[in-house]
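Residue numbers (my numbering): 812 to 914. All C-beta atoms in this analysis are idealised placements derived from N, C-alpha and C, irrespective of residue type, glycine included. All figures in this text were calculated on a predicted structure; none of them were measured in a lab. Comments concern the structure below.
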């Protein structure tokens, strides 16, 4: 009978450990890691080459968050967006993609 309680104890320990690990991975991979910072068009363009490096960071991420949070691009024409951000790395029918890291 003691083995039954020990097996239940170890099962509970494993379940708790799995929940803690899953929570860590979920929060680490879904959370924003960049702090919002004011948009600077000159700095955005100067970081264009660095954004293409094989670096897990997003060198323009803080400025991108600022643009999104303040709806700075809403209502702008494609030409106006290109004037502000420079040429996009990828242009689709109704989307402009700017590099974060090497694809």
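Taking residue 853 as reference, the option from 871, 839, 837 and 838 with the minimal CA-CA separation is 871.
Contact between residue 856 and residue 874 does not hold, since the beta-carbon distance rounds to 11 Å and is not under 8 Å. According to DSSP, residue 901 shares a beta bridge with 908. Counting along the chain, residue 886 sits inside no alpha helix (DSSP H), nor does DSSP assign it H or E at all. Counting only unbroken stretches of 3 or more residues, no beta strand (DSSP E) element lies wholly within the region 819–858. Shortest Cα-Cα distance from residue 895 to any of 878, 902 and 905 involves 878. Shown here, residue 870 sits in coil according to DSSP, grouped into three states, outside any helix or strand. One thing to note: residue 869 has its Cβ no nearer than 8 Å to the Cβ of residue 898. In this model, residue 831 and residue 838 are separated by some 11 Å (Cα to Cα).
Around the C-beta of residue 910, 16 or more other C-beta atoms lie within 10 Å, and the residue is accordingly described as buried.
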